[in-house]
Structure formats: C-alpha cells, structure tokens
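Numbering (our numbering), first residue to last: 331 to 517. Glycine residues also receive a C-beta, built at the ideal position from the N, C-alpha and C atoms. Every value quoted in this text rests on a predicted model; they were computed, and no experiment measured them. Encoded as structure tokens, the structure appears first; notes follow it.
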C-alpha cells in the first residue's frame, strides 16, 4: 500500500514538474512540438532505471556505511553519463538520430534516491515522476492548440498562459493538502 501511495503522490499530488520544476522547460517544448519519439523515451527511461539501480546499490552498500552521502550527486552524475552515452550510442547506431536528454534524468534519479527508503521504493518514486511528466504533456499540447489554432506562431503569450495553467493545476492538486481540514487542528 505504501508503494501505491508513493506512486500516486509523486505522479499527481506532488508532481515533480509542478512542485520541483523538474522538466518544466522540456514539458513546454513537448507542448510545442508534440510528444517525443519512442526511441527518445526508451533511451531516457532506460538510462534512468539503469543508473538508478546502480546508484542505489552503491549508495546502500558503500556511501551510507562510510557516511559519505555528500558525494551522491557526483556519483549519480558520473553513472548517468556512462549509461546515457551507452543508450545514446545504441540509438545512433540503429536509427542515425540524436536523442539527447540529461538534466531531467539526473534530477529524477537524484530525487528518487533522496526520497526513498528502499530500492523498490526508489523505483516506484522514479516511475511516478516519469508518469507525472507524461501526465502534464497533454495539458500543454491542448493549451497550445487552443491558443494557436489559427496558425499563429508561438510567442510569449503561450508561455505565460502555460505557466499560469501549470500554477492552477498545482493549486487544484494541492487544495486538499491543507492543515485546517484536519479534525485535530480545530480541537
């Protein structure tokens, strides 16, 4: 049950895009050009899960017993470079297309490891964060079609309204997470 709660929390209620700002610039780009290609998603998700697995193992077995958790961001950075480069080479060899993405992957792995208590919990949090990015994209795409339906170019108006819409979605999702609704506060 805790895994389902964690998944729902990071996918909807504390969306990484809305609360932490992870990938907010890329979600805006996805809203402009549509969803990314399948190989881009495969490369990004594959490098995230492979790096998360190795980083969690090293963190759990080496960094925590030695009490040197401060090097975790550097460790995540180095391991993600290796896996991201490997998957990038696979994509380039098979399709001759470039699919680079690093900062979202780095922040997703870092947040997943920092917020988790076990390896399975880290995987659930990571999956929730990835799903939250996928959940926000259709809203941005529909807003783009709504604002630019007559062939106008995308300008500052789209981006300002997109950020206001993301703020409204954030308020809608977090409206039930206020302390005055708790019964114990009134007594």
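Where does residue 419 land, buried or exposed, given buried means 16+ other C-beta within 10 angstroms?
exposed
Keeping to the same chain, check which residues put their C-beta closer than 7 Å to that of residue 446; ignore five residues upstream and five downstream.
452 and 455
Measure the C-alpha to C-alpha separation of residue 421 and residue 430 and round it to an integer number of angstroms.
10 Å
Considering only the alpha carbon of each residue, which of 489, 498 and 464 lies closest to residue 476?
489
Which class does residue 464 belong to by DSSP, given the choice of helix, strand or coil?
helix
Quick one: what does DSSP say residue 416 is sitting in, helix, strand or coil?
helix
Taking the alpha-carbon positions, what's the residue 382 to residue 472 distance?
32 Å
The region 338-352 / the region 371-387 touching (three or more Cβ pairs under 8 Å):
Taking one beta carbon from each stretch, the region 338-352 and the region 371-387 have fewer than 3 pairs nearer than 8 Å; the two do not touch.
Just to confirm the assignment: which complete alpha helix (DSSP H) runs, minimum length 4, are found wholly within the region 386-457?
402-425 and 433-445
Which one of 499, 440 and 449 has the shortest CA to CA distance from residue 469?
499
Rounded to whole angstroms, what's the CA-CA distance from residue 374 to residue 397? Just pull it up for me.
30 Å
Output the distance between the C-alpha atoms of residue 393 and residue 465, rounded to the nearest integer angstrom.
34 Å
Could you have a look at residue 494 and say whether DSSP puts it in helix, strand or coil?
helix
One question on the structure: do residue 377 and residue 435 come within less than 8 Å of each other, judged by their Cβ atoms?
yes
So is residue 412 buried or exposed if we call it buried at 16+ other beta carbons inside 10 Å?
exposed
Work out the CA separation of residue 503 and residue 346 for me, nearest whole Å.
12 Å
Residue 333 lies in the alpha helix (DSSP H); which residues open and close that run?
332-338
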